[in-house]
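K.L.:
Number of protein chains: 2
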Amino acid sequence: MQRVRVVLSHTSHPGNIGATARAMKTMGFSRLVLVNPKTFPDPQATAMAAGADDVLAAAEICSSLQEALSGTVLALALTARRRELALAPLWARAGAAEIAQVAGAAEVALVFGNETSGLSNDELAQCGRWAMIPANPECSSLNLAAAVQVMCYELRLAMQGVTLPPPVAGAGVPATHEEVGGLLAHFEASAVASGFLDPERPGRLMLRLRRLFARSGLEKEEVSILRGLLASFRQPTGKRHAGTSSAERAD
Amino acid sequence: MQRVRVVLSHTSHPGNIGATARAMKTMGFSRLVLVNPKTFPDPQATAMAAGADDVLAAAEICSSLQEALSGTVLALALTARRRELALAPLWARAGAAEIAQVAGAAEVALVFGNETSGLSNDELAQCGRWAMIPANPECSSLNLAAAVQVMCYELRLAMQGVTLPPPVAGAGVPATHEEVGGLLAHFEASAVASGFLDPERPGRLMLRLRRLFARSGLEKEEVSILRGLLASFRQPTGKRHAGTSSAERAD
Chain A
14 MQRVRVVLSH TSHPGNIGAT ARAMKTMGFS RLVLVNPKTF PDPQATAMAA GADDVLAAAE
74 ICSSLQEALS GTVLALALTA RRRELALAPL WARAGAAEIA QVAGAAEVAL VFGNETSGLS
134 NDELAQCGRW AMIPANPECS SLNLAAAVQV MCYELRLAMQ GVTLPPPVAG AGVPATHEEV
194 GGLLAHFEAS AVASGFLDPE RPGRLMLRLR RLFARSGLEK EEVSILRGLL ASFRQPTGKR
254 HAGTSSAERA D
Chain B
14 MQRVRVVLSH TSHPGNIGAT ARAMKTMGFS RLVLVNPKTF PDPQATAMAA GADDVLAAAE
74 ICSSLQEALS GTVLALALTA RRRELALAPL WARAGAAEIA QVAGAAEVAL VFGNETSGLS
134 NDELAQCGRW AMIPANPECS SLNLAAAVQV MCYELRLAMQ GVTLPPPVAG AGVPATHEEV
194 GGLLAHFEAS AVASGFLDPE RPGRLMLRLR RLFARSGLEK EEVSILRGLL ASFRQPTGKR
254 HAGTSSAERA D
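Respectively, the protein sequence lines represent chains A and B.
Sequential numbering of the first sequence, starting at 14, is according to this note's numbering.
Sequential numbering of the second sequence, starting at 14, is according to this note's numbering.
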């Protein structure tokens, strides 16, 4: 359960941060990460934490979701709305089951957005899975801490539940959030160098790629392969075979 | 769902009453019954109800649990503690399943006690079933409205039955097997042209890429983006912006 972090991004109301700490602790989770909270620490947060002051006191504060997800291999974003650019979201229970399985061996995150606006498209694109809590279509917006309570409850049950099957043989070591970030930066630089991406008018290319690779659950070795390929594409055309020394590169 | 009432007995904090109304409404329940609330109505209740003012406005106030349960055939009491005099409690999910079954034909209730002291032994004795929410033994007391949220969530799922409708895909159009095959062939040709892949000794590169993209569940648009990128990489290095005519290509 130490491998699970709960990430709250851009939370407006400090009372919700405190209530989240309590919700987490009742379900056995303790690692809370706050991305740009509007007001924290705050007496309202402390009041709502009740017996979970320790979770609140240990909360980490980050300036971006990217930083908050550092070291994770899978993040589950909670969303209340279906979006144009959406992957098909999972229902909460199925999302918890996936996270529970990965948490057996690696770091994972549950990610919750702002009370009013939710997660940005860029933030969503950094999460490999999206989930919705089944709700009344006419009133689907749970209180933030209530949503955390439901997800931590589902995750606790999922983690206690079915004894996990061993990982599929041949599966490699999952890439961390940073390694995937490095790959995306490499893609971007290559696309700019090739002229495919105009840095003045970037459009949604990087968002699309980020989303694609977040969903894929990349392995470390796959990141290496793709980076090797990208590096080879940037050598002078016609140059053959890998291992050309960097002095010979055109760019 | 109209046959389900949520009963809060001797609630101390009006904010919890408002938050309960919201938790109920998000799960599709609307009948709230208050037994001797300490302070109600109250601005804090209204503030916490958010979009569930209608549930709050329609709340019934009773002077005893007996009165609150009038007309019900089964009541499920939530308790955080095992008690001397206890029936063996059910876990929340099993309790919700029983209530859902009875609610198909008759009136039922979920019953929640005071924030600090819970339900009295006399109140517990009026309920046909007792349930506990699985929790951290070292910190098992959920916030009242959070407990209502979890129970209403479980009851909603139980009443919808096990077969949840699949979430509507906001996702794009999935690529066909052939389109993914075309992308892989494009990757292969590019890797050979760049010298990354030696066609005499291909190793497992293509197998790895095939596996990666099979896992990703590519969309048509993503295939187009990746093929556009690959095409741009094969233009003479330094050439900028897409749309270069094929006559200008070096290979």
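Ideal Cβ positions, reconstructed from N, Cα and C, are used throughout, including at glycine.
Helix, strand or coil, according to DSSP, for Met219 of chain B in the structure here?
P.N.:
Met219 of chain B falls in the helix class under three-state DSSP.
K.L.:
Where does the unbroken alpha helix (DSSP H) through Arg285 of chain A begin, and where does it stop?
P.N.:
Past the boundaries of the shown model lies residue 285 of chain A; chain A is included only from 14 to 264, so the question cannot be answered.
K.L.:
Ile238 of chain B to Ser245 of chain B, Cα distance in whole Å?
P.N.:
Distance between the alpha carbons of Ile238 of chain B and Ser245 of chain B is about 11 Å.
K.L.:
What do you get for Thr33 of chain A, buried or exposed, if any count of 16 or more other CB atoms within 10 angstroms of its CB means buried?
P.N.:
The residue in question, Thr33 of chain A, is buried, as its Cβ has 16 or more Cβ neighbours within 10 Å.
K.L.:
Would you call the CB atoms of Glu330 of chain B and Thr24 of chain B closer than 8 Å?
P.N.:
Residue 330 of chain B lies beyond the residue range present for chain B, which begins at 14 and ends at 264; the question has no answer from this structure.
K.L.:
Checking contacts by CB at 8 Å: is Glu120 of chain A closer than that to chain B?
P.N.:
No, Glu120 of chain A lies away from the interface with chain B (no Cβ there is under 8 Å from its Cβ).
K.L.:
Asn149 of chain B touches chain A at which residues, Cβ-Cβ below 7 Å?
P.N.:
Simply Lys38, Thr39, Met40, Gly41.
K.L.:
With a cut-off of 8 Å, does the C-beta of Cys152 of chain A fall near any C-beta of chain B?
P.N.:
So yes, Cys152 of chain A belongs to the interface.
K.L.:
Quick one: what's got a C-beta closer than 6 Å to Leu132 of chain A's C-beta in the same chain, skipping five residues either side?
P.N.:
Ala90, Gly126, listed in sequence order.
K.L.:
Near Arg106 of chain A, which residues of its chain fall below 6 Å by C-beta distance, leaving aside the five closest residues on each side in sequence?
P.N.:
Contacts found: Glu167.
K.L.:
Counting only beta-carbon separations shorter than 8 Å, does Arg35 of chain A have a partner in chain B?
P.N.:
Yes, Arg35 of chain A counts as interfacial toward chain B.
K.L.:
Rounded to the nearest angstrom, what separates Leu210 of chain A and Ala198 of chain B at their Cα positions?
P.N.:
For Leu210 of chain A and Ala198 of chain B, the distance between alpha carbons rounds to 23 Å.
K.L.:
Please compile the residues from chain B whose C-beta is within a distance smaller than 7 Å of the C-beta of Phe209 of chain A.
P.N.:
Within chain B, the residues near Phe209 of chain A are Gly241, Leu242, Ser245, Ala255.
K.L.:
Starting from Ala32 of chain B, find everything on chain A with Cβ-Cβ shorter than 7 Å and list it in chain order.
P.N.:
Neighbours of Ala32 of chain B on chain A, chain order: Asn156.
K.L.:
Please look up how many angstroms separate the CB atoms of Val46 of chain A and Thr85 of chain A, rounded, as I've assumed it's under 8 Å.
P.N.:
That belief does not hold up - the Cβ atoms of Val46 of chain A and Thr85 of chain A are roughly 10 Å apart, past 8 Å.
K.L.:
Please report the straight-line C-alpha distance between Ser154 of chain A and Met37 of chain B, rounded to a whole angstrom.
P.N.:
So the alpha carbons of these two residues sit roughly 11 Å apart.
K.L.:
Chain B partners of Ala188 of chain A, CB-CB under 8 Å?
P.N.:
Those within 8 Å of Ala188 of chain A in chain B number zero; the least Cβ separation is about 11 Å.
K.L.:
With C-beta atoms as the reference, is Leu218 of chain A less than 8 Å away from Ala204 of chain A?
P.N.:
Yes, the Cβ-Cβ distance between Leu218 of chain A and Ala204 of chain A is below 8 Å.
K.L.:
Could you check whether the Cβ of Ala109 of chain A sits closer than 8 Å to any Cβ belonging to chain B?
P.N.:
No, Ala109 of chain A lies away from the interface with chain B (no Cβ there is under 8 Å from its Cβ).
K.L.:
Among A:Arg16, A:Asp67, A:Pro56, whose alpha-carbon lies nearest the alpha-carbon of Arg35 of chain A?
P.N.:
Of the listed residues, the one whose Cα sits closest to Arg35 of chain A is A:Asp67.
K.L.:
Check whether the Cβ atoms of Leu78 of chain B and Ser22 of chain B lie closer than 8 Å to each other.
P.N.:
In contact: Leu78 of chain B and Ser22 of chain B (Cβ atoms closer than 8 Å).
K.L.:
Short check: CB of Ala171 of chain B to CB of Ala81 of chain B, under 8 Å?
P.N.:
For Ala171 of chain B and Ala81 of chain B, no; Cβs fall outside 8 Å.
K.L.:
Check whether chain A comes within 8 Å of Val17 of chain B, counting only Cβ atoms and requiring the distance to be less than that.
P.N.:
Chain A, which has no Cβ nearer than 8 Å to the Cβ of Val17 of chain B, makes this no.
K.L.:
Hey, Arg142 of chain B and Glu235 of chain A: beta-carbon distance below 8 Å or not?
P.N.:
Cβ distance not < 8 Å, so Arg142 of chain B and Glu235 of chain A don't count as in contact.
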